[in-house]
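Only one structure is covered here, and it is reproduced in the block below.
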Amino acid sequence: MSAPVPQYPFRDPARPLDERVDDLLARLTRDERIALLHQYQPPVPRLGVAGFRTGTEALHGVAWHGPATVFPQAIGLATTWSPDLVRAVGSAVGDEVRVFHRKDPAGVGLNVWAPVVNPLRDPRWGRNEEGYAEDPWLTGVIATAYGHGLAGDDPTYLKTAPTLKHFLAYNNETDRCTTSSNLPPRVLHDYELPAFRAPIEAGAATGVMPSYNLVNGRPAHLTPLINDVLRTWTRDELLVVSDAYAPGNLFGLQHHLPDGPSAYAAALRAGVDSFTQDGTDTAPTVDRLRTALDRGLITVADIDAAVRRSLTIRFRLGEFDELDPYRGLEPELVNGPVHRRLAHDAARRSIVLLEHDGEVLPLTTSTRVAVVGPLAGTLSEDWYAGTLPYQVTAKDGIAERLEHVEYCEGVDRITLRVAGSSSYLTVGEDAVLRTSTTAGEFDLFDWGGEALALRSVRNGQHLSVTDDGELVADQSGPNGWEVKQTFGLVRTSAGLLIRHLHTDQYLEVGATGTVGLGLEGTAFEVDVVVDGAAAAAELAAGAEVAIVVVGNHPLVNGRETEDRESLDLPAAQDRLIRQVHAANPRTVLVLSSSYPFAIGWAQEHLPAILWSAHGGQEYGRALADVLLGDHDPSGRLTQTWYHSAADLPGLLDYDIIATDATYLYYRGTPLYPFGHGLSYTTFAYGDLRLSEPSDGQVRVTFTVTNTGDRPGTELAQLYTRQQNSRVKQPLRQLRGFRRVSLQPGESADLELTLATADLGFWDVTRNRHCVEAARHTLMIGRSSADIRLTTTLDVEGERIPPRTLDRLPATAFDDYCAVTLTAAPGEPGDAVVSLESQAWLAFDDVLVPTGTLHARAANPTLHPASVELRLDDPHHGDLLGTLEIPPTDTLVPIPITLTARPGTHTLYAVFSAPNVILERLQRASPGS
Numbered sequence: 003m004s005a006p007v008p009q010y011p012f013r014d015p016a017r018p019l020d021e022r023v024d025d026l027l028a029r030l031t032r033d034e035r036i037a038l039l040h041q042y043q044p045p046v047p048r049l050g051v052a053g054f055r056t057g058t059e060a061l062h063g064v065a066w067h068g069p070a071t072v073f074p075q076a077i078g079l080a081t082t083w084s085p086d087l088v089r090a091v092g093s094a095v096g097d098e099v100r101v102f103h104r105k106d107p108a109g110v111g112l113n114v115w116a117p118v119v120n121p122l123r124d125p126r127w128g129r130n131e132e133g134y135a136e137d138p139w140l141t142g143v144i145a146t147a148y149g150h151g152l153a154g155d156d157p158t159y160l161k162t163a164p165t166l167k168h169f170l171a172y173n174n175e176t177d178r179c180t181t182s183s184n185l186p187p188r189v190l191h192d193y194e195l196p197a198f199r200a201p202i203e204a205g206a207a208t209g210v211m212p213s214y215n216l217v218n219g220r221p222a223h224l225t226p227l228i229n230d231v232l233r234t235w236t237r238d239e240l241l242v243v244s245d246a247y248a249p250g251n252l253f254g255l256q257h258h259l260p261d262g263p264s265a266y267a268a269a270l271r272a273g274v275d276s277f278t279q280d281g282t283d284t285a286p287t288v289d290r291l292r293t294a295l296d297r298g299l300i301t302v303a304d305i306d307a308a309v310r311r312s313l314t315i316r317f318r319l320g321e322f323d324e325l326d327p328y329r330g331l332e333p334e335l336v337n338g339p340v341h342r343r344l345a346h347d348a349a350r351r352s353i354v355l356l357e358h359d360g361e362v363l364p365l366t367t368s369t370r371v372a373v374v375g376p377l378a379g380t381l382s383e384d385w386y387a388g389t390l391p392y393q394v395t396a397k398d399g400i401a402e403r404l405e406h407v408e409y410c411e412g413v414d415r416i417t418l419r420v421a422g423s424s425s426y427l428t429v430g431e432d433a434v435l436r437t438s439t440t441a442g443e444f445d446l447f448d449w450g451g452e453a454l455a456l457r458s459v460r461n462g463q464h465l466s467v468t469d470d471g472e473l474v475a476d477q478s479g480p481n482g483w484e485v486k487q488t489f490g491l492v493r494t495s496a497g498l499l500i501r502h503l504h505t506d507q508y509l510e511v512g513a514t515g516t517v518g519l520g521l522e523g524t525a526f527e528v529d530v531v532v533d534g535a536a537a538a539a540e541l542a543a544g545a546e547v548a549i550v551v552v553g554n555h556p557l558v559n560g561r562e563t564e565d566r567e568s569l570d571l572p573a574a575q576d577r578l579i580r581q582v583h584a585a586n587p588r589t590v591l592v593l594s595s596s597y598p599f600a601i602g603w604a605q606e607h608l609p610a611i612l613w614s615a616h617g618g619q620e621y622g623r624a625l626a627d628v629l630l631g632d633h634d635p636s637g638r639l640t641q642t643w644y645h646s647a648a649d650l651p652g653l654l655d656y657d658i659i660a661t662d663a664t665y666l667y668y669r670g671t672p673l674y675p676f677g678h679g680l681s682y683t684t685f686a687y688g689d690l691r692l693s694e695p696s697d698g699q700v701r702v703t704f705t706v707t708n709t710g711d712r713p714g715t716e717l718a719q720l721y722t723r724q725q726n727s728r729v730k731q732p733l734r735q736l737r738g739f740r741r742v743s744l745q746p747g748e749s750a751d752l753e754l755t756l757a758t759a760d761l762g763f764w765d766v767t768r769n770r771h772c773v774e775a776a777r778h779t780l781m782i783g784r785s786s787a788d789i790r791l792t793t794t795l796d797v798e799g800e801r802i803p804p805r806t807l808d809r810l811p812a813t814a815f816d817d818y819c820a821v822t823l824t825a826a827p828g829e830p831g832d833a834v835v836s837l838e839s840q841a842w843l844a845f846d847d848v849l850v851p852t853g854t855l856h857a858r859a860a861n862p863t864l865h866p867a868s869v870e871l872r873l874d875d876p877h878h879g880d881l882l883g884t885l886e887i888p889p890t891d892t893l894v895p896i897p898i899t900l901t902a903r904p905g906t907h908t909l910y911a912v913f914s915a916p917n918v919i920l921e922r923l924q925r926a927s928p929g930s
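The sequence shown begins at 3 in our numbering and counts up one residue at a time.
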């Protein structure tokens with residue numbers, strides 16, 4: 003028998019939390035403390051301390067641990083615009099995490115990696131479905147609700163420990179570990195940070211995960227913003243966990259530091275407390291941190307600070323107490339009746355009615371319908387979904403409610419013949435792909451981005467490639483981290499080559515009829531046995547209403563590691579929609595997808611269109627509720643839908659202000675605007691009133707009336723626009739919303755509160771938040787584009803004075819051309835680097851002095867370079883002075899003698915060559 007564990011002071015729940023943490027920390031040896039800095043914290047048996055792991059995925063259900071309740075994808079939860087519902091979902095997921103943890107404490111940790119709060123800046127991002135909205139305020143509202151649900155309501159103990167992902171400026175999978183996101187100060191403070199700040203300040207998050215990318219030239223895992231900004235938003239300890247294998251990138255892919263010990267030391271000093279590296283193997287992390295300590299790169303105090311944060315979370319999770327109120331949650335909660343009902347409610351409230359002419363929907367139970375499309379009879383799991391305990395597909399849900407339902411998948415059925423021969427690809431009884439004179443048939447699924455999947459008709463399984471290169475039809479569909487079930491067709495003069503996308507190799511037929519992968523490939527000819535679109539159209543022609551269900555597969559063409567290049571629907575799905583509509587004009591399009599599509603033709607021609615994210619296990623019943631009008635469509639878009647990718651800036655350009663990106667700055671007419679969503683009834687708005695300002699707040703009151711003949715739910719939205727400003731302001735910005743359900747003819751007075759402090763922005767001239775004295779337009783409407791009421795509000799605030807050159811950071815520019823931000827060489831701050839000759843920075847309203855100016859600059863090239871200071875025009879303005887910069891990798895102080903031209907001007911800094919770095923200008927010598 004093992005000896006009983008002494009009752010140390012840290013086990014006394016009556017003691018203050020800090021005292022308990024101090025006691026346990028003091029009892030740990032140096033090596034024990036270092037080991038606690040890995041994701042898999044080993045047990046300390048002599049103290050009775052169990053092992054602990056960070057990182058249970060809980061984005062919209064418990065992922066990777068078997069069947070669990072699967073709720074709509076995160077963006078689908080957000081389209082409900084219901085913090086109460088989202089909080090309930092978070093609570094249910096937290097309950098299920100607790101149940102799984104109770105069954106497997108070592109495998110299922112209580113530190114959960116959710117929610118994702120990256121604003122959805124660009125719909126091409128592969129992980130679009132993980133976020134909530136393109137608006138940072140709305141993202142913060144939804145994240146706070148979900149985080150509160152995960153954390154629980156107990157005043158002392160956490161149900162789970164929510165961790166925000168991914169800090170910072172992370173919206174691209176393309177080269178995600180080596181690209182740098184450009185964040186000028188206003189984009190940083192007004193767009194990126196608020197989504198993280200809201201849940202942290204509200205106590206809805208206990209940790210943060212940095213992102214894989216670099217930010218302004220510095221790896222996000224090393225950003226000083228972790229300690230200097232994030233941790234100032236809360237008095238609680240914030241546990242910062244690295245993303246998986248990101249610590250190794252610091253001295254690997256990113257080449258930012260020379261070796262492991264220096265990289266780990268830099269990350270620890272920057273505020274990373276837990277290293278997710280090398281799976282369950284703690285040894286490499288421990289060795290690197292020991293070496294860093296021996297080299298003097300870190301101190302024992304650095305280690306203790308990180309361990310203290312981790313231990314604090316463990317105490318708050320009740321690990322050391324019998325009083326933890328969440329220990330007794332019953333296993334029956336997982337996918338139990340309460341959670342199933344919640345999944346159903348979340349799914350139906352997430353559905354958005356994009357188009358409605360009033361003639362086709364809602365259906366009646368006697369309507370004869372044809373349900374067609376590749377997504378009509380299946381549900382899919384994304385990478386961070388739980389395992390579906392059951393599936394109610396669109397076809398199933400509709401068939402449960404309607405008397406006459408016919409179904410067609412609407413995909414082509416093909417044979418693949420070796421070009422110039424009578425041999426066909428076929429699947430044997432053993433599921434192995436081979437050739438035969440008997441044609442094997444395959445159903446062809448088009449998922450866009452030139453990605454196709456082949457399902458064997460013989461056994462109903464998708465063609466895949468095993469780890470040893472064998473082609474076998476044994477998978478239910480695309481799946482896994484490395485998707486091995488997708489192919490591309492490459493047209494050549496000899497025929498079609500079939501490329502396996504994961505290996506980038508081609509199907510090759512051997513001399514004995516075996517089929518493998520190779521670099522050359524065998525040419526094939528495709529024969530269409532069944533035209534899927536034509537079959538669907540034929541079925542639709544005999545129905546009163548055709549329902550076409552299409553969208554994306556969440557693991558193909560837009561997923562983690564893969565961005566989309568286009569917003570278009572897959573070509574086969576687009577053809578299906580057009581042919582079905584030609585056969586039956588009463589066609590309803592149902593989209594189920596992780597992201598927006600460019601569906602301009604459908605918008606113009608179809609009488610009704612609905613969209614939702616992948617809706618989880620209850621999707622089909624939820625869809626049927628909306629189609630039959632049992633539930634009035636109440637979802638609203640949290641992301642702009644564009645006509646095409648041509649409406650978007652470059653995927654890697656994060657400066658939404660300069661590029662007129664997101665609904666905040668976009669000047670075009672979108673396909674569907676932010677906030678859009680229709681109802682089966684109509685609403686009128688009126689009687690807009692503003693209260694007198696009181697305690698920095700204004701009450702906005704208005705009336706909404708249901709003017710239709712059906713009950714309905716409306717989501718009234720409040721936007722503002724500052725009419726005059728020193729800087730470029732958003733064209734519209736969400737400030738609040740209110741949901742109301744009304745009977746026909748019923749009216750309701752709604753009230754929203756607007757805080758004038760929220761009308762401010764980041765003032766680059768003084769490096770702080772500022773509310774200008776200005777007139778604001780207040781807009782009430784059904785979406786950001788469908789405005790029904792407007793008024794104005796005069797806000798008392800500041801007038802930003804001209805700035806001096808006492809200390810002018812180069813990053814505090816007002817405009818720029820051909821420059822980007824970078825890490826200041828050898829220092830924690832940012833600088834600006836030129837990308838080409840004649841690049842420039844503009845600083846408005848500068849009081850130009852006389853005498854000598856000093857600069858800090860670097861020129862990591864082989865040739866001398868210069869920066870000209872010009873007034874009011876970058877090319878023809880008066881020359882104020884020239885900064886001559888010799889070749890140097892480090893920032894050096896350089897004086898500039900100014901030509902006398904006092905007054906207030908726009909100051910331009912014009913670079914003579916690329917790769918020149920400017921950190922700041924100032925009156926006094928940088929060394930003084």
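Each residue gets a CB set at the ideal place from its N, CA and C atoms; glycine is no exception.
All figures in this text were calculated on a predicted structure; none of them were measured in a lab.
Taking Cβ positions, are residue i and residue j nearer each other than 9 Å?
i	j	result
Phe-526	Leu-503	no
Leu-849	Tyr-910	no
Asp-875	Leu-843	no
Asp-155	Leu-736	no
Thr-366	Leu-630	yes
Arg-740	Leu-752	yes
Val-706	Ala-718	yes
Val-231	Leu-195	yes
Val-912	Thr-863	no
Gln-75	Ser-438	no
Where does residue i land, buried or exposed, given buried means 16+ other C-beta within 10 angstroms?
i	result
Met-3	With a pLDDT of 46 at Met-3, under the threshold of 50, the modelled position of this residue cannot be trusted, and the question is left open.
Ser-930	Unreliable placement is indicated for Ser-930, whose pLDDT of 46 sits below 50; the coordinate value is still reported in the next sentence. With fewer than 16 Cβ atoms within 10 Å of its Cβ, Ser-930 is classed as exposed.
Gln-256	buried
Trp-764	buried
His-877	exposed
Asp-14	exposed
Report the option in the options whose CA atom is closest to the CA atom of residue i.
i	options	result
Thr-892	Arg-415, Val-420, Lys-161, Ala-825	Ala-825
Ile-33	Ala-248, His-62, Val-302, Gly-320	Before going further, note that residue 33 is Asp rather than Ile in the sequence given. If we check each option's Cα against that of Asp-33, Val-302 comes out closest.
Glu-774	Arg-805, Arg-790, Ser-785, Asn-726	Asn-726
Gly-412	Ile-315, Leu-319, Thr-428, Gly-553	Gly-553
Val-628	Ser-614, Pro-480, Gly-618	Ser-614
Pro-827	Gln-641, Ala-600, Leu-920	Leu-920
His-103	Ile-315, Ser-423, Glu-332, Phe-12	Glu-332
Using only the alpha-carbon positions, how far apart do residue i and residue j sit?
i	j	result
Leu-900	Arg-925	11 Å
Gly-68	Val-99	12 Å
Gly-388	Ser-693	48 Å
Thr-225	Gly-151	29 Å
Trp-2	Leu-923	With the chain covering only 3 through 930, there is no way to say anything about residue 2.
Ile-898	Gly-831	23 Å
Leu-122	Tyr-172	9 Å
My assumption, with CB atoms under 8 Å, is that residue i sits in contact with residue j. Please give the rounded CB distance.
i	j	result
Pro-766	Arg-188	In the sequence as displayed, the identity of residue 766 is Val instead of Pro. Indeed, because the Cβ distance is near 6 Å, the residues count as touching under 8 Å.
His-341	Ala-94	5 Å
Ala-294	Pro-260	Actually they are not in contact, since the Cβ atoms of Ala-294 and Pro-260 sit about 12 Å apart, beyond 8 Å.
Following a CB-centred definition, is residue i positioned closer than 8 Å to any heavy atom of the ligand MG?
i	result
Leu-519	This structure simply doesn't include the ligand MG, nor any ligand for that matter.
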